[in-house]
Amino acid sequence: MILLRELFEAKPKTTDFSAISKKTGKLVYFDTKDNMDAAVKAGTHDKPQIKGKDVKTPKSSDLFKGDYEKERGASLDKKNEPSEDLIKSITSTKAGDSTIFLSRKNRNGKIVRDVQFSQSKITPEIVKKTADENGIDLNLINKLGPDAQIKNEDGKNERVSELMVSLVFRTMEANEYAPDGVTPDDYYYKAYSESKDKTAKAIKKGINPDEIQKQVDKKVAKKESDKTDLYNEENVKDLANALSNIKNKMVWTEPTKPKDIVKVANKYKIDVNRILNNTEAYFEISGFKPNKKDLKEWGYASLKDYVLKQLAYTIYFGKRGDTDNMSDLGSFQLAYPLKYKNLSDDEWAKAMKNEMENPTTVDGGLRNFIKKEKGGDMDNSFVGISEANDKNQSKWVKQQAKKNPNYINDMISYQSMINKDALNRIDEMLKSDPPPVVHTKALYRGMAMKSSDYSKFMKSFKEGSTIDLPISSFSFDAKTATEFANNVDNLNSTINKANNQSVMIKVVNSTNTLNGFCMNANVGNVSAKKDNNSFSNDFGNWEGQHEVLLPSNNKYKVVKTESTKMEGGRSLTIITLEQIGTKNEIKLREFIDDNEKDILKKHLQYPNRTSLLYTKEGEN
């Protein structure tokens, strides 16, 4: 850069009295009209044409080259100008003031470092010149908004204003090292030019007019939605008071504040206030309803208190973003969707009934599936298995915990982090000492996947054929499984909307006896507390998932596949498998990652509460 600092020291426009200097070709602003007229009359300046016609383009208009001691002022071209919001976002230093170093030639012809140019010093003129040089349409960025997320050159989401900062820096550096620049250097010119071109390409792709219109429409819709649909601290006071009345039922003494309720309600789309007067909807969706004996034993005065306690837990973990422990999130989302917040109770009840019975929506299809699979058994606290079976599996768990010092740690590592080493140790344990069989009518797994995966996945499931599955995690509870099959109006939809093909796998056996390990069987009775208090709780955090590991040495007959086309290009597929058991030995296969080519392992070899969809959310 040649005397770049002069650009920063240039005086801003203060009047509309301007004329073009014959000496420099630049637009100059005068304090008064008389002074402007005097300069024009003296012949040192020319009066510019109205509307910019026939005006000579100022020489050396490239902001990144030129002698700014002689050439100062603004361009007459008012097209492709950055908005004030864009400039504010570009120059924002909330994340720190990024800097680059630029050089100049001094009077002796020696190259010296001239300025430490920072992000906060980027001017509207510099942004415009950068955009013009790289073919960026600032009008499109202005329309999209500076905070809009677009994909950068690495394919990751980044604010468009941040990308413009990078483009300004790379353009300055490339021009400085250009053959006719201040410090000509082929190596650096090539490096900065390639980086500049990649960034410019990413910006131009990201501000495609069609994509911009979609995002603008979404913003408008969200603004309208925010006016009526979202909660604030004022309208949750009654619920906050109700939750404070049951705080003695909570493990944590931390109060549930209105701001916490608002955060969870808005983020996870739950109509929390509706719960106060309509508790039955929760039980209908959750599939479990405490009886009078349960309530008395647990110390609840009513079913309402029980539901409020479940909501309090959801809010407690929700404000921390701890989705692993938000076991009732799906029930609250489905039973009390925020989109119906402004409806009366009667209107809401009608809308919910229609939604639950609507065969053209994923929500409706999954709700009907739950209702069918539950069979009206609302009082079974073991959700699909007998108390005796639960205790039998639990006895085996206790035995393993006593003789295997790594048992608890490995189970936590598997559940929390899907740890490969933990999986290998679990494998050895299960092979050396197989657990009891599982007695249940059916096991379930739900998944949401993108269309390309779905077409590959379904090729393995031909009716009447026999199939091998990798070790897979299932649940006794159909409701739990459907939470992960649903990618509409729930947590999964915020992770990846491309996962719009919902799949439910149901595993049965003619004798209602399945080879598998009850991962969460009564685990609350097995303490995970250590002498050093490394674990404050037991590994029963996932007990509500009712999780079962099905071994990889079993074969399955594909009994039936039922696929229904839903609205919005979605589908809901129910796959029924019959387990053909050999012996109850679980053989774990190689750990997988997001690049796993085996389509079955890709979507099945994870804890029941998760999938590739879910693990990506955890990483973010």
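In terms of my numbering, the sequence shown opens at residue 970 and continues consecutively.
A virtual CB, placed ideally from N, CA and C, is assigned to each residue, including glycine.
- The three-state secondary structure of L1264, taken from DSSP, is helix.
- Annotated as distal: I1339 and K1206, with beta-carbon spacing of 9 Å or more.
- In this structure, the straight-line span from the alpha carbon of Y1305 to that of I1244 is close to 7 Å.
- Around the beta-carbon of P1178, fewer than 16 other beta-carbon atoms lie within 10 Å, marking it exposed.
- In the structure shown, the three-state DSSP call for V1151 is coil.
- The criterion of a C-beta distance shorter than 9 Å is satisfied by V1527 and T1545.
- Within the DSSP secondary-structure output, I1239 pairs in a beta bridge with P1306.
- Short of 6 Å from the beta carbon of L1199, and not among the five residues preceding or following it, lie these beta carbons of its own chain, in chain order: N1235.
- For E1516, the enclosing beta strand (DSSP E) begins and ends at 1516-1519.
- Three or more Cβ pairs closer than 8 Å define a contact, and the region 1433-1446 meets that threshold against the region 1513-1523.
- If you look at Q1085, you'll find it in the beta strand (DSSP E) that goes 1080-1087.
- A straight-line Cα-Cα distance of about 29 Å links H1014 and P1051.
- By the Cβ rule, the region 1297-1317 counts as touching the region 1267-1284, because three or more pairs are nearer than 8 Å.
- Residue pairing by DSSP puts R1128 in a beta bridge opposite Q1118.
- Within its own chain, the residues whose Cβ lies closer than 6 Å to the Cβ of N1388, once the five positions on either side in sequence are excluded, are S1382, listed in chain order.
- If you draw a straight line from the Cα of K1265 to the Cα of E1253, it comes to about 21 Å.
- The Cβ atoms of T1152 and E1163 lie no closer than 9 Å to each other.
- Taking the Cα of A1391 as reference, the smallest distance to any Cα among E1053, D1332, Y1376, K1475 is reached at Y1376.
- Taken through DSSP and simplified to helix, strand or coil, I1105 comes out as coil.
- In this structure, the alpha-carbon of R1082 lies about 6 Å from that of R1073.
- With a beta-carbon spacing of about 4 Å, Q1470 and Y1423 fall inside the 8 Å limit used to define contacts.
- In this structure, I1176 keeps its C-beta atom at 9 Å or more from the C-beta atom of V1137.
- Boundaries cannot be given for M1295, as no beta strand (DSSP E) includes it and DSSP labels it neither H nor E.
- A contact between stretches requires three or more CB pairs, one per stretch, nearer than 8 Å, and the region 1404-1418 meets this requirement with the region 1470-1482.
- Separation of the CB atoms of F1070 and Q1088 is rounded to 13 Å, and the pair is thereby denied contact status at 8 Å.
- Boundaries for L1312: no alpha helix (DSSP H) harbours it, and the DSSP string shows neither H nor E there.
- Annotation: the continuous beta strand (DSSP E) that includes M1418 extends over 1412-1418.
- Nearest neighbour of K1238 by Cα position, chosen from L1132, Y1309, I1172, turns out to be Y1309.
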